[in-house]
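Q: Take a look at the following structure, please.
There are 2 protein chains.
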Amino acid sequence: GVHGTTADLSRLVPYMTLLGILAASFISIVDIFTHVIFEARKRVSVDITHGAVGYVIYVSSGVLLCLLSTFVCQQWSKEAEGSGLPQMKSIMSGFHDKLSNSLAVEALAAKAVGLICAIGGGLPVGWEGPNVHMSCIIAEYLSRIPYFHSLRQDKALRLQMMACACTVGLASSFGTPIGAVLYALESTSSFYLVPTFWKSVLATISGAMVFDIWYKTPVAEAFENTTFGPDDYRKNQLILFCLLGSFMGIVGAFFVKCTHEVYQFRKRRLTYLSNRFVLVGVVALASGLTQYNNELLRIDPRKAINELFSSNAMQLMTYSDVMFLLLVKFPLIAVCVGLPIPGGVFISSFLMGAGCGRLYGEFLRTVLGPSIVPGLYAVVGAASLAAGVTRALSCSVLIFEVTGQISHMMPILVAVLLSVTVANSFNQSLYDTLIVMKNLPYMPNIRGDVFLSQRVSEVMIKDVVTVKERSSPEEIGTLLIEYPTFSSFPVVSERRSLLGVIRASQLRFLIGGSSATAEKLHSGADELPEGSFQDETFRNQKISPRPVGVEGKSNEKKSREILIVPELSPLEVGDNMSVGQLHNMFVMLMPTHAFVVSRGELVGLVRRGDIIQNVVDVGS
Amino acid sequence: GVHGTTADLSRLVPYMTLLGILAASFISIVDIFTHVIFEARKRVSVDITHGAVGYVIYVSSGVLLCLLSTFVCQQWSKEAEGSGLPQMKSIMSGFHDKLSNSLAVEALAAKAVGLICAIGGGLPVGWEGPNVHMSCIIAEYLSRIPYFHSLRQDKALRLQMMACACTVGLASSFGTPIGAVLYALESTSSFYLVPTFWKSVLATISGAMVFDIWYKTPVAEAFENTTFGPDDYRKNQLILFCLLGSFMGIVGAFFVKCTHEVYQFRKRRLTYLSNRFVLVGVVALASGLTQYNNELLRIDPRKAINELFSSNAMQLMTYSDVMFLLLVKFPLIAVCVGLPIPGGVFISSFLMGAGCGRLYGEFLRTVLGPSIVPGLYAVVGAASLAAGVTRALSCSVLIFEVTGQISHMMPILVAVLLSVTVANSFNQSLYDTLIVMKNLPYMPNIRGDVFLSQRVSEVMIKDVVTVKERSSPEEIGTLLIEYPTFSSFPVVSERRSLLGVIRASQLRFLIGGSSATAEKLHSGADELPEGSFQDETFRNQKISPRPVGVEGKSNEKKSREILIVPELSPLEVGDNMSVGQLHNMFVMLMPTHAFVVSRGELVGLVRRGDIIQNVVDVGS
């Protein structure tokens with residue numbers, strides 16, 4: 003069932019706690035390594051050596067690290083490339099089986115090492131997507147521990163486990179448990195089971211404790227709490243924040259478009275960059291060459307964000323520095339999204355938004371006087387650009403947690419809502435765009451009335467392979483040979499009434515009773531002598547214990563028939579149901595297929611994929 | 003469809019904005035009146051008059067106001083009694099039709115006037131439940147505006163509208179938009195459609211603006227932001243917060259039990275209090291008598307909470323004052339929950355929790371020294387007692403918004419999670435208890451494995467009233483007379499295959515072709531002369547335009563038959579599906595019933611209520 007039973011609690015609580023601790027620890031370790039490499043490279047090339055030597059060391063070490071990142075992904079798991087959030091989103095929408103490679107331990111290793119090298123190598127990639135991906139792989143392997151097997155077998159619980167893993171990954175990225183819960187709610191599932199709520203809170207708190215301990219150690223940068231006063235925001239400024247939010251929505255949509263275009267352009271035109279190493283090498287070279295001479299571009303994004311959010315005047319940067327940063331970073335980040343290395347985009351959009359907001363705030367301060375606090379505009383800008391890219395309203399909650407202040411929620415909420423609305427009028431979110439770019443299976447939301455009026459009978463597959471309730475072993479055998487990839491078959495009565503579904507393995511077991519036949523079938527013999535089934539003794543020896551699904555018929559008939567008792571009760575729908583309703587069922591109940599019944603007879607089959615095809619055809 | 007189509011946006015956005023503004027304005031006005039009456043009563047009895055005269059005025063005005071509150075509820079709408087949240091929770095779980103009285107304008111009037119009188123009269127009742135109720139009624143009436151009719155017709159959208167109204171009501175109660183969104187998620191629906199998210203955020207922001215403007219006016223108390231420093235919480239204190247959280251969980255569960263026991267005791271034993279006016283009069287008298295001499299007990303709960311949350315030493319109260327407050331208020335609040343007046347319990351549990359936490363913090367400060375900040379313990383206590391009573395994890399987010407500080411989230415989150423876990427091990431949440439107490443229809447979550455293994459065939463109703471695909475008007479007429487309350491009938495073929503569902507009104511329309519017959523049927527004529535249907539001309543004249551569902555049969559047969567084309571495609575399930583799966587479908591897809599099909603034949607019917615009955619039998 004979808005709702006965890008009481009008996010499950012003794013497994014669920016340790017599972018979620020362990021998941022939180024393990025995933026957060028793993029992510030913390032990756033973060034430490036990233037930071038160490040990032041700092042070591044800077045120290046060797048800037049503090050120890052100088053000038054041309056330092057330049058060469060800085061650039062070459064960056065290129066080498068990025069190439070290593072590419073190499074690791076190519077060798078261990080190509081699933082580790084990119085953000086990972088799109089894959090997880092796809093898994094959440096019910097395609098667990100099709101993306102099992104993404105949850106392999108090779109992907110975890112490649113993602114971790116690749117991420118360390120990519121960020122250490124100086125590319126402006128984020129870590130929140132990879133963290134989510136790593137967290138999900140850890141959840142997957144944790145569930146393979148025998149004690150947790152019963153959780154794993156429940157499809158709904160398994161989905162919840164993934165949702166919780168997403169939450170932990172996000173929470174560990176920025177230390178934002180509540181925002182992460184909301185963000186996972188928004189971005190990974192089109193519906194949300196309330197029982198997931200406490201589980202993800204538990205997992206996230208367990209993770210946050212690890213994160214809390216480690217982030218108080220001095221090795222890494224942490225986000226600082228902001229200290230805006232009660233007078234830093236006045237109501238008459240709300241219109242200024244609205245303008246900022248709308249503008250960030252446009253920038254966000256533009257960024258998504260750029261990412262898509264860059265990816266398309268590279269795939270189609272730049273064939274000489276089709277080699278992944280050449281591609282990453284060139285980008286890393288460009289990144290290294292521009293970064294070395296400018297301390298600004300080498301800065302840890304968290305440090306830069308703290309600076310931009312500050313309620314006082316900026317210490318490290320001037321306004322022209324911020325503008326320069328934006329102009330250089332924007333194209334570089336857009337290019338990096340599609341590279342064959344692990345890397346997210348959230349922190350980058352956060353940084354860009356904070357930069358834009360600060361510039362806007364400083365401009366307003368010059369024009370309107372000291373009642374404007376530019377740091378607050380930076381905060382609003384960061385939240386709304388992140389929202390414009392990801393289309394998640396929960397970016398507002400993330401920023402409350404990042405800044406530790408919730409007292410100025412009004413401008414942030416309004417700006418984020420406007421940003422999402424404006425951006426949505428242009429295109430889809432970055433993650434949905436990546437899903438399309440990478441051809442991942444996904445259950446889209448329906449938009450447009452056309453689709454809803456279509457009938458199920460118009461989209462169904464009409465030729466359904468069935469097995470009759472009373473079939474001879476020969477018939478079953480032929481069926482299994484003809485459709486070796488089918489994992490289950492619908493069982494129908496004489497009148498083609500749908501009785502249920504039986505797994506192929508169970509059918510094999512049923513006819514396995516006469517192993518001779520089975521062997522003959524497997525060796526490709528089409529014509530079977532009838533006598534081979536008549537040896538009752540032989541048969542009874544083989545079947546022990548006698549399977550539930552089998553009832554030997556009396557020998558009156560010529561060909562012996564097996565009565566197949568179906569194991570599973572499938573989803574049945576009437577043929578005049580609207581596709582909209584069926585889509586609803588697919589989203590809610592997450593079956594892989596539904597059988598279409600008309601006048602009591604099985605007339606068709608609609609698979610999850612058929613609905614998607616249909617949505618794409620309509621062009622939502 | 004569940005997902006709003008693009009065309010709907012032009013209606014949804016104005017609807018949600020209007021809902022937010024209207025509901026928040028209405029709630030604000032009620033709040034102003036409450037405050038004015040509360041203050042006026044205090045001024046007249048304390049500042050203008052003194053001693054015995056003041057005492058008499060204070061007590062008698064309180065009793066009169068409370069009696070007025072009771073009178074208003076009795077006269078206008080008994081649905082206005084109590085919190086209102088349980089009714090809304092019931093509506094959200096799919097019982098819109100059964101609780102339409104709760105959404106009538108009379109209930110709105112009674113709730114508003116009753117709430118003003120009850121709080122003005124000095125009873126320690128909260129306003130968040132009534133606010134939610136009033137907001138939902140406003141949402142209902144707003145949807146009756148012709149422009150919004152199309153939204154109203156979509157069952158899923160209607161549900162989302164209610165969820166958004168809940169959010170606005172909660173957000174307006176404390177000025178906590180995000181917490182309200184989460185709280186509505188947790189407490190009103192067992193699953194949550196992500197498309198509700200932006201709608202509720204939009205409605206809440208619109209409402210928050212109204213609230214924001216009005217709360218900056220000096221008339222009412224507002225929650226003050228807390229000002230805890232970064233050193234006010236140290237990690238080694240976490241265990242102390244855990245203890246507080248667990249204890250608050252026990253207190254919360256105890257409070258729920260007390261409420262229930264008081265209610266039961268009153269119903270069974272105190273028959274002389276069965277008159278609602280006597281009952282409310284006695285409680286109001288007791289409340290007035292204890293309050294007058296003690297300024298503490300007359301204080302606005304918001305003011306008291308601000309004081310308890312303060313990071314400095316308390317100005318208005320001493321520790322013994324706090325203890326006295328708790329001892330007097332606790333039983334009074336438990337009694338007030340079941341009174342026939344409007345009133346919630348959230349703010350009261352907030353206050354009690356803050357008091358307990360402050361006492362605990364002050365005690366710890368005495369023992370462990372100045373590193374303990376008692377105000378922080380008061381905050382944690384408030385959040386965790388509210389969570390212990392309502393079992394909502396989102397109480398943590400509510401408190402972040404109430405205090406305007408999120409930097410000390412760790413102790414709050416951990417304490418709230420512990421409180422909910424501990425309290426859940428004792429009993430159900432207060433709202434679920436009230437649902438049971440008031441016999442409201444509700445779709446409970448399934449707990450316990452027993453239930454899941456039962457088959458649908460064991461719980462279904464076997465005698466389903468059907469209409470044959472080809473029926474004579476006489477047959478249809480007889481059916482309609484026999485089952486006048488049925489709103490629809492399943493249509494079956496000769497072989498009892500389920501073809502679909504037809505509404506009774508449509509059936510009436512079909513046989514209405516010969517109005518003479520219909521009239522005769524209505525006048526109760528059982529035996530009809532066959533000739534009355536043979537007049538073809540007469541029939542064709544009457545039916546214009548010819549309804550889709552009718553196909554005239556040739557005159558070959560003796561008795562004319564009508565071919566019924568079903569309108570709706572119902573939910574069909576196999577008879578060996580588990581009840582757990584079916585429950586899932588009921589929760590997710592919210593049908594009122596499902597048809598059970600076996601071997602292509604209609605064999606039974608399961609209504610929403612049958613599942614509930616079953617759950618109650620198992621005793622979850």
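Residue numbers (the numbering used here), protein chains in the order written: chain A, 3 to 622; chain B, 3 to 622. Beta carbons: idealized from backbone N, C-alpha and C, even for Gly.
Should Phe97/B be flagged as near chain A, meaning a C-beta pair shorter than 7 Å?
A: It does not; no Cβ of chain A falls within 7 Å.
Q: Pull out every residue of the region 597-613 of chain B whose Cβ sits closer than 8 Å to any Cβ of chain A, in chain order.
A: From the region 597-613 of chain B, only Val599, Arg601, Gly602, Glu603 have a Cβ closer than 8 Å to chain A.
Q: Less than 8 Å between the CB atoms is what I'm expecting for Arg278/A and Gln76/A, so what's the real figure, rounded?
A: Correct: roughly 6 Å between the Cβ atoms.
Q: For a contact defined as C-beta to C-beta under 8 Å, what are the partners of Pro179/B on chain A?
A: Within 8 Å Cβ-Cβ: Met411, Leu415.
Q: Considering only DSSP beta bridges, list what Arg472/A is partnered with.
A: Per DSSP, Leu565/A.
Q: What residues of chain B sit near Ser490/A, judged by a beta carbon separation below 7 Å?
A: Under the 7 Å cutoff, chain B gives no residues; its nearest Cβ is about 15 Å from Ser490/A.
Q: Can you tell me whether DSSP reads Ser351/A as helix, strand or coil?
A: Correct three-state label for Ser351/A: helix.
Q: Please go through the same chain and pick out, in chain order, the residues whose beta-carbon is closer than 6 Å to the beta-carbon of Asn637/A, but skip the five residues on each side of it.
A: Limits of chain A in this structure are 3 at one end and 622 at the other, which puts residue 637/A out of reach.
Q: Can you check whether the CB of Ser104/A is closer than 7 Å to the CB of Asn133/A?
A: No. Outside cutoff.
Q: Any beta carbon of chain A sitting closer than 7 Å to that of Ile207/B?
A: Chain A contact via Cβ: present.
Q: Kindly indicate if chain A contains any beta-carbon less than 7 Å away from that of Ser495/B.
A: Yes, contact with chain A.
Q: Using the C-alpha atoms, what's the distance from Tyr143/A back to Val575/A?
A: Straight-line Cα distance between these residues: approximately 36 Å.
Q: I need the straight-line Cα distance from Ala114/B to Leu24/A, nearest angstrom please.
A: Taking the straight line joining both Cα atoms gives about 52 Å.
Q: What does Leu419/A reach in chain B if we use C-beta pairs closer than 8 Å?
A: Within 8 Å Cβ-Cβ: Trp200, Val203, Leu204, Ile207.
Q: Among Val494/A, Tyr362/A, Leu584/A, which residue has its Cα nearest to the Cα of Gly602/A?
A: Out of Val494/A, Tyr362/A, Leu584/A, Val494/A has the C-alpha closest to the C-alpha of Gly602/A.
Q: Got a sec? Which residues, its chain only, sit under 6 Å from Ser489/A by beta carbon, not counting five neighbours each side?
A: Excluding sequence neighbours, Ser489/A sits near Ala506.
Q: Taking the straight line between their C-alpha atoms, what separation do you get for Thr51/B and Ser62/B?
A: Taking the straight line from one Cα to the other gives about 14 Å.
Q: Between the region 380-404 of chain B and chain A, which residues of the former have a C-beta closer than 8 Å to a C-beta of the latter?
A: Residues passing the 8 Å Cβ filter: Leu395, Ser398, Val399, Phe402, Glu403.
Q: If you draw a straight line from the alpha carbon of Leu125/A to that of Leu432/A, how long is it in whole angstroms?
A: One C-alpha to the other measures close to 19 Å.
Q: Given a cut-off of 7 Å on the beta-carbon distance, is the pair Ala82/A and Pro344/A in contact?
A: Cβ atoms of Ala82/A and Pro344/A: closer than 7 Å.
Q: For Glu563/A, return the contacting residues in chain B, with the cut-off set at a CB-CB distance below 9 Å.
A: Simply none; closest approach about 17 Å.
Q: For Gln155/A, count the other beta carbons within 10 Å of its own beta carbon; 16 or more makes it buried, fewer makes it exposed. Which is it?
A: Its Cβ having fewer than 16 others within 10 Å, Gln155/A is exposed.
Q: Where do the N-terminal and C-terminal ends of the beta strand (DSSP E) with Leu334/A fall, by residue?
A: Where Leu334/A is concerned, there is no enclosing beta strand (DSSP E), although the alpha helix (DSSP H) it sits in stretches over 321-338.
Q: Mind checking Asn295/B: buried by the 16 CB within 10 Å criterion, or exposed?
A: So Asn295/B ends up on the exposed side.
Q: Near Leu204/A, which residues of its chain fall below 6 Å by C-beta distance, leaving aside the five closest residues on each side in sequence?
A: Excluding residues within five positions, the ones whose Cβ falls inside 6 Å are Met18.
Q: Just mark Leu21/B as buried or exposed, buried being the case when its beta carbon has 16 or more other beta carbons within 10 Å.
A: Per the 10 Å Cβ criterion, buried.
Q: Does Gly406/B get closer than 7 Å to chain A when you measure Cβ to Cβ?
A: Yes, Gly406/B lies at the interface with chain A (some Cβ there is under 7 Å from its Cβ).
Q: Just to make sure I have the definition right: I need the residues of chain A whose C-beta is within less than 7 Å of the C-beta of Gly502/B. Which are they?
A: Chain A residues near Gly502/B: Gly576, Asn578.
Q: Starting from the C-beta of Gly251/A, find all residues in its chain whose C-beta is less than 6 Å away, skip the five residues before and the five after it, and write them out in chain order.
A: Contacts found: Gly390, Ser421, Val424, Ala425.
Q: Straight-line CA distance for Tyr321/A to Gln407/A?
A: Straight-line Cα distance between these residues: approximately 25 Å.
Q: Comparing alpha-carbon positions, which option in Val280/B, Cys338/B, Arg360/B lies nearest Ala315/B?
A: It is Arg360/B.
Q: What residue range does the alpha helix (DSSP H) around Ala384/B cover?
A: Segment 376-392, the alpha helix (DSSP H) holding Ala384/B.
Q: Residue ranges of each alpha helix (DSSP H) run of no fewer than 4 residues wholly in the region 12-93 of chain B, ordered along the chain?
A: Complete alpha helix (DSSP H) runs here, min 4: 53-78.
Q: Between Leu530/B and Glu476/B, what straight-line distance do the alpha-carbon atoms span, to the nearest angstrom?
A: Note that Leu530/B scores 31 on pLDDT, short of 50, meaning its location in the model is unreliable and no value can be drawn from it.
Q: Tell me the rounded alpha-carbon separation between Gly177/A and Ser92/A.
A: C-alpha separation (whole angstroms): 25 Å.
Q: Tell me whether His410/B sits in a helix, a strand or coil according to DSSP, three-state version.
A: Residue state, collapsed to three classes: coil.
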